[in-house]
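In the working numbering, the protein residues as written are 3 to 258.
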C-alpha cells in the first residue's frame with residue numbers, strides 16, 4: 003500500500019486522485035458539488051496540505067474546484083471568530099495552511115473552474131494558474147462580515163498585481179475578470195471550461211517528466227520570496243483580523 007492510500011479518502015471536502023506518473027489532483031467540493039467553505043474545511047485543509055506535502059510520491063499537484071466555482075460560498079458553521087480561544091484556533095490554522103501549501107515542494111497548478119471569491123491566496127501560492135472565461139476574482143466575505151482581510155490576501159495581491167492595484171482590489175471589493183487578471187499577471191492561460199483540466203493535466207505531465215529533484219527544487223527556488231512574505235506577515239494580518247472580529251462581536255452584543 004502506498005502512502006497515498008493512507009490519506010486519499012480522509013478529507014470530506016477534497017476529492018484526491020493521482021495518475022501513474024504522480025500528478026495529484028485535488029478537487030474541492032461539498033457533497034460532490036461546489037465547495038461551501040466553513041470552519042470545518044478551514045481545519046481540514048491544514049491537514050490536507052500537510053499530508054500532500056509529506057508524500058514524496060507526489061510529483062505535481064493540481065488544485066481545482068467542483069461545479070461552477072473554485073470557491074465562492076462560505077458558511078459561518080464551525081467558526082468562532084468572537085472568543086479569544088476560538089479565534090486563536092482560526093489564527094493558528096490560517097498561518098499553518100499557507101505554510102503547508104508552501105511546504106508542498108513540487109510544482110503546483112491551479113485550474114480555476116469558476117469564481118474565486120474567497121481564499122484566492124491558495125491559488126496565488128501555486129506556480130501556474132489556469133482560468134476559464136467565467137473565472138472572476140474578488141475578496142468578498144471579509145468586508146461582508148465586517149472584518150479585516152488579514153489571512154494572506156492582504157500580502158499576496160499587492161505582491162502579484164502591484165501595491166496600488168492590490169490595495170484597491172481589496173478595499174473596493176473589486177471584481178477582477180479573467181482577462182484583466184491575465185493582463186495583470188495573475189492568470190497564465192484562459193481555457194474553455196471543458197478543456198481546463200485537460201490543459202492542466204497536459205502541463206502537469208510535462209513537468210512530471212522532469213527529474214524528480216529538478217522539479218522539486220525548482221518549486222523551492224521559486225517560492226522562497228513567498229515563504230518570507232507569509233512567514234513575516236500572516237500572523238500579524240490574522241491578529242488584526244481578530245481585533246476587528248472582536249469589535250464586530252462587541253457591536254452585535256450592544257445592539258442585540
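Where is the CB? At the ideal position from N, CA and C, for every residue including glycine. Since this is a predicted model, take the numbers as computed values, not measurements.
Please confirm whether residue i has its beta-carbon closer than 8 Å to some beta-carbon of chain C.
i           : result
residue 192 : Reference to chain C is not applicable here, since this structure consists of a single protein chain.
Are residue i and residue j closer than 8 Å when you measure CB to CB?
i           : j           : result
residue 104 : residue 137 : no
residue 127 : residue 100 : yes
residue 240 : residue 88  : no
residue 2   : residue 37  : The chain is shown only over 3 to 258; residue 2 falls outside these bounds and no answer can be derived.
residue 243 : residue 168 : no
residue 186 : residue 163 : yes
residue 231 : residue 190 : no
residue 192 : residue 134 : yes
residue 221 : residue 109 : yes
residue 155 : residue 98  : no
residue 12  : residue 31  : no
residue 323 : residue 217 : In the structure as shown, the chain begins at 3 and stops at 258. Residue 323 is therefore absent and cannot be evaluated.
Closer than 7 Å to a non-hydrogen atom of the ligand ATP - does that hold for the CB of residue i?
i           : result
residue 254 : In terms of ligand content, the structure shown is empty, and the ligand ATP therefore cannot be addressed.
Judging by CA-CA distance, which residue of the options is the nearest neighbour of residue i?
i           : options            : result
residue 112 : 203, 161, 37       : 203
residue 5   : 55, 71, 47         : 55
residue 39  : 8, 10, 119         : 119
residue 142 : 176, 132, 166      : 176
residue 106 : 164, 124, 12, 193  : 124
residue 157 : 145, 147, 172, 146 : 172
residue 252 : 144, 84, 98, 205   : 84
residue 250 : 58, 144, 98        : 144
residue 195 : 71, 233, 59        : 71
residue 184 : 57, 139, 200       : 139
residue 42  : 180, 86, 19, 91    : 91
residue 198 : 238, 69, 74        : 69
residue 122 : 86, 78, 73         : 73
residue 21  : 237, 245, 257, 207 : 207
residue 188 : 129, 18, 19, 78    : 129
residue 44  : 82, 17, 19, 18     : 82
Could you check where the alpha helix (DSSP H) with residue i kicks off and where it finishes?
i           : result
residue 243 : 226 to 257
residue 8   : 5 to 9
residue 54  : 41 to 56
residue 97  : 86 to 104
residue 208 : 198 to 210
residue 181 : 180 to 185
residue 125 : 122 to 126
Would you kindly report the start and end of the unbroken beta strand (DSSP E) that includes residue i?
i           : result
residue 131 : 130 to 133
residue 2   : Residue coverage of the chain in this structure runs from 3 to 258, which leaves residue 2 outside it and unanswerable.
residue 112 : 110 to 114
residue 278 : Because the chain here runs from 3 to 258, residue 278 falls outside it and cannot be looked at.
residue 149 : Note, residue 149: premise wrong, no beta strand (DSSP E); not H, not E.
residue 19  : 16 to 20
residue 66  : 62 to 66
How would you label residue i, buried or exposed, when you count the other beta carbons within 10 angstroms and need 16 or more for buried?
i           : result
residue 224 : exposed
residue 46  : buried
residue 53  : buried
residue 34  : exposed
residue 102 : buried
residue 165 : exposed
residue 247 : buried
residue 200 : exposed
residue 60  : buried
residue 58  : exposed
residue 256 : exposed
Counting pairs of Cβ atoms below 8 Å between the region 23 to 31 and the region 56 to 75, do you hit three or more? yes
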